[in-house]
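If you read the protein sequences in the order shown, they are chains Z and G. Numbered according to numbering that gives the first Met the number 0, the first sequence spans residues 0 to 145. Numbered according to numbering that gives the first Met the number 0, the second sequence spans residues 0 to 475. Just so you know, even glycine gets a beta-carbon here, dropped at the ideal spot from N, CA and C. Nothing here was measured: the structure is a model prediction, and the numbers come from that model. Worksheet: one structure, shown below.
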Amino acid sequence: MNWLDLYHSTGQALKQLNINEILETNKESIKYGLILTAAEAQELIEARNRAVRSHGRVELGIEAVKKIIATFCTLPYINTDDYALTLYELVEIFYYMKSETEDRIGDDELISLMRDFFNHSSRGSIELLKNRELALFADNLKRASR
Amino acid sequence: MKYTEIEIKTILNKERLDPNQYTLSLLKEGRRAGLIDRRTVDNIQSQIMSLLASLIIRHTKGESTSIKVETAQSIFMSMLYSIDAWISKFNDPEAALACLRTHDIEDTHKKGLALVAACLAETKALYREIKDKKLNVSVKAYHSTIDEALPEFLISYDEVFKAHDTMASVDYPLLLDDMRVKGIFYIKQYLEKLKIENQFCSLFADKDVGKLLVNYGKVYRIDYREALINVFEILITNSIFSVLSESEAKKLSISKYQYALLLDQFKGLDRSQCSSLIKKAFEVLIGELHIEQPQLKDYIRNAASVLMPRYLSALDHDCLDNVVILDDEENRWFDIIFDEGKSMDDHSFRMVVEQIIECVDSAEKTAIITSSIHSLGDFIDVLEANCLFEDEFSALFNALGDMELSILARIVFIEEIRNEPTGFSVRNAAEKPMERQWQTEYARFLLSLSADRIRSIEQYINSSLQETGSPRFLQH
Chain Z
0 MNWLDLYHST GQALKQLNIN EILETNKESI KYGLILTAAE AQELIEARNR
50 AVRSHGRVEL GIEAVKKIIA TFCTLPYINT DDYALTLYEL VEIFYYMKSE
100 TEDRIGDDEL ISLMRDFFNH SSRGSIELLK NRELALFADN LKRASR
Chain G
0 MKYTEIEIKT ILNKERLDPN QYTLSLLKEG RRAGLIDRRT VDNIQSQIMS
50 LLASLIIRHT KGESTSIKVE TAQSIFMSML YSIDAWISKF NDPEAALACL
100 RTHDIEDTHK KGLALVAACL AETKALYREI KDKKLNVSVK AYHSTIDEAL
150 PEFLISYDEV FKAHDTMASV DYPLLLDDMR VKGIFYIKQY LEKLKIENQF
200 CSLFADKDVG KLLVNYGKVY RIDYREALIN VFEILITNSI FSVLSESEAK
250 KLSISKYQYA LLLDQFKGLD RSQCSSLIKK AFEVLIGELH IEQPQLKDYI
300 RNAASVLMPR YLSALDHDCL DNVVILDDEE NRWFDIIFDE GKSMDDHSFR
350 MVVEQIIECV DSAEKTAIIT SSIHSLGDFI DVLEANCLFE DEFSALFNAL
400 GDMELSILAR IVFIEEIRNE PTGFSVRNAA EKPMERQWQT EYARFLLSLS
450 ADRIRSIEQY INSSLQETGS PRFLQH
């Protein structure tokens, strides 16, 4: 048995607990007209699990996902229509960047970096955020550490 | 019958316990034997996982809740290493299991960590002692292990997050090394044994040791300074056979005349008689060298059991002169004088490798290598740098002369040349499977050569070699 699999949150009870925690974030995001349904919250947890696995990581909880929601729900570029979809992509980008930067950036720092790029130079474009701003940032970081 | 089944079920089978994964194997075996219930195992597992979570947070300094799987696995192994350290202190596995059942895992980990830290401190003290009393031998691996690999390991050893790690270039081989042990406990036992071997080796005069090693190099046609040889083994072997040839344990040199006496001693004896004669010689050696330290005595006796099969096999095959190193006063001339050449610094070497990788033409690759590489060490490193493919190897080997090819053969076929010092055959050796790709390509290349060239390479191999002076490797 791979004991580390326990951290992949596959247990049904834990999953429900996580979904409830995600739904709790609606209390704040509703102020900005943004709401996640139970199905979307579940899909967000699945997206987080997929990202964690595909980037070869072990994640202890859903704190990072909650921080992403809390940070991004306040931004003007986030729309009601694609709120959930944007979050799935942001979560994927977050874990991609954790690996790309070889864990040299803490969660909070990375999330605020993502927020700043998204809000300014990317003008709300997920594609530009990932493929231009963050890719360039990761490259510079790698080069500086050589 | 039923009673036996119950009995089997309730007793821990020690053979199923893995000393390197003691806690996990103990829990598994405890479950099988019915000595621990499922709920308790679940509870221990959950304690282990929450301890791992807190260690992960500590590792990221609270800045990240996720880490790479490899890092998590390493922290997990490190944590279990410390837990294992504590529960291995119990005399029997049942008591160790009882400790796991009744004690908090975090507390057990803390106690184990203290043991690991104490072991690190003891190992550092032991290292200083060994460093102060280093042997005066010209064996590179011996010095690089003591002067570079061990201090690097001791400085970088991380008892919290990588306690199980034994990543050190400890090249110098011991006669009795237990490589199943991991982490700092391995290094400690390595140093304890090295100290014992050093104690023994320092009983002999430096001059005698130096002379024996030179002769050893000649017998095996290697540069003993570069080879991964165990000095203790060479010394104790000659000392034992010195005793058996009616000389003294302290005298390492054995003349041809003594060797003849030695063969007489064994004439007509069966295996068990030979064995008891040699065993007696080990005891004589202990007495003659006034060895009083119990640890050294035990080590010598354990060495006897490891060396005995080699000695008996040499006697069986009439090749005792491959084991006993004879004094070779007359034959002090070398047929080839070879300079290994000066190695490049890491940066320059990387640049050359990058240049080779970027180049697509095999002739150009060969030209880069023959013009930039001037040392055997760098040449081997290039062969192992994954920058050459299939035909490119043969193009490169084709650019080498027979003497250079024979030097590569001494490396690739070291065992075969040792085993057949006079009747070594390139063809026979090259047909055996090789460990590395370049060796396979090298063997294939040799097999493609004409009989004349193979004979010429074999002649070079059968010549004695001294690594100094000129010509240099790849200096045409």
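Taking 7 angstroms as the Cβ-Cβ cut-off, the segment 75 to 94 of chain G approaches chain Z at Phe75, given in chain order.
Residues of chain G with a Cβ closer than 7 angstroms to the Cβ of Lys65(Z) do not exist; the shortest Cβ-Cβ separation is about 10 angstroms. Asp102(Z) and Gly61(G) have their C-alpha atoms roughly 12 angstroms apart.
C-alpha of Gln257(G) to C-alpha of Thr236(G): approximately 14 angstroms in a straight line.
Secondary structure at Glu58(Z): strand, using DSSP grouped into helix, strand and coil. Separation of Tyr310(G) and Ile35(G) (C-alpha to C-alpha, rounded to the nearest whole angstrom) is 49 angstroms.
Residue contact check for Ser274(G) against chain Z: no CB pair falls below 8 angstroms. Between the segment 193 to 212 of chain G and the segment 224 to 231 of chain G there are three or more C-beta pairs closer than 8 angstroms, enough to call the two in contact.
Two segments are said to touch when three or more pairs of C-beta atoms, one from each, lie closer than 8 angstroms; by this definition the segment 298 to 306 of chain G does not touch the segment 251 to 267 of chain G. Closer than 8 angstroms to the CB of Leu16(Z) there is not a single CB belonging to chain G. At a C-beta separation below 7 angstroms, Val57(Z) has these neighbours in chain G: Ser65, Ile66, Val68, Ala71. Under the Cβ distance rule, Val90(Z) does not count among the residues neighbouring chain G, no pair being separated by less than 8 angstroms. Here Ile324(G) has Leu211, Asn214, Tyr215, Val218, Ile233, Thr236, Asn237, Ile253 as same chain residues with Cβ atoms under 8 angstroms from its own Cβ, once five neighbours each way along the sequence are excluded. In this structure, DSSP gives Ile368(G) a helical state, which the three-state scheme calls helix.
Scanning the segment 76 to 136 of chain G for uninterrupted beta strand (DSSP E) segments of 3 residues or longer gives nothing; none is fully contained.
The criterion of a C-beta distance shorter than 8 angstroms is satisfied by Asp380(G) and Phe348(G). Taking C-beta atoms under 8 angstroms as the contact rule, Asp176(G) and Lys192(G) qualify, at a distance of about 7 angstroms.
Annotation for Ala137(Z): Met96, Glu99, Thr100 place their beta carbon closer than 7 angstroms to its own, counting only its chain and skipping 5 residues before and after. Residue ranges of uninterrupted alpha helix (DSSP H) with 4 or more members, entirely inside the segment 251 to 296 of chain G and ordered along the chain, are 255 to 265, 270 to 287. If you draw a straight line from the Cα of Ser111(Z) to the Cα of Gln436(G), it comes to about 49 angstroms. Listed by position along chain Z, the residues whose Cβ is nearer than 8 angstroms to that of Glu414(G) form an empty set, because the closest Cβ is around 39 angstroms away. Of all residues in the segment 46 to 61 of chain G, those with a C-beta nearer than 9 angstroms to a C-beta of chain Z are Ile47, Met48, Leu51, Ala52, Ile55, Ile56, Thr59, Lys60, Gly61, reading in chain order. For Ser347(G), the uninterrupted alpha helix (DSSP H) segment begins and ends at 345 to 357. Between Asn19(G) and Arg127(G), the beta carbon gap of about 28 angstroms keeps them out of contact (Cβ cut-off 8 angstroms). Judged by beta-carbon spacing, Ala37(Z) lies within the 8 angstroms limit of Leu22(Z), meaning their Cβ atoms are closer than that value.
In the three-state DSSP reduction, Ile239(G) falls in the helix class (H, G or I). When the beta-carbon positions are compared, Leu288(G) and Ala248(G) come within less than 8 angstroms of each other. In the three-state reduction of the DSSP assignment, Ile18(Z) falls in the helix class. Inside the segment 185 to 227 of chain G, DSSP marks whole alpha helix (DSSP H) runs of 4 or more residues at positions 205 to 219, from first to last along the chain. Where Ser53(Z) is concerned, the enclosing alpha helix (DSSP H) starts and stops at 37 to 53.
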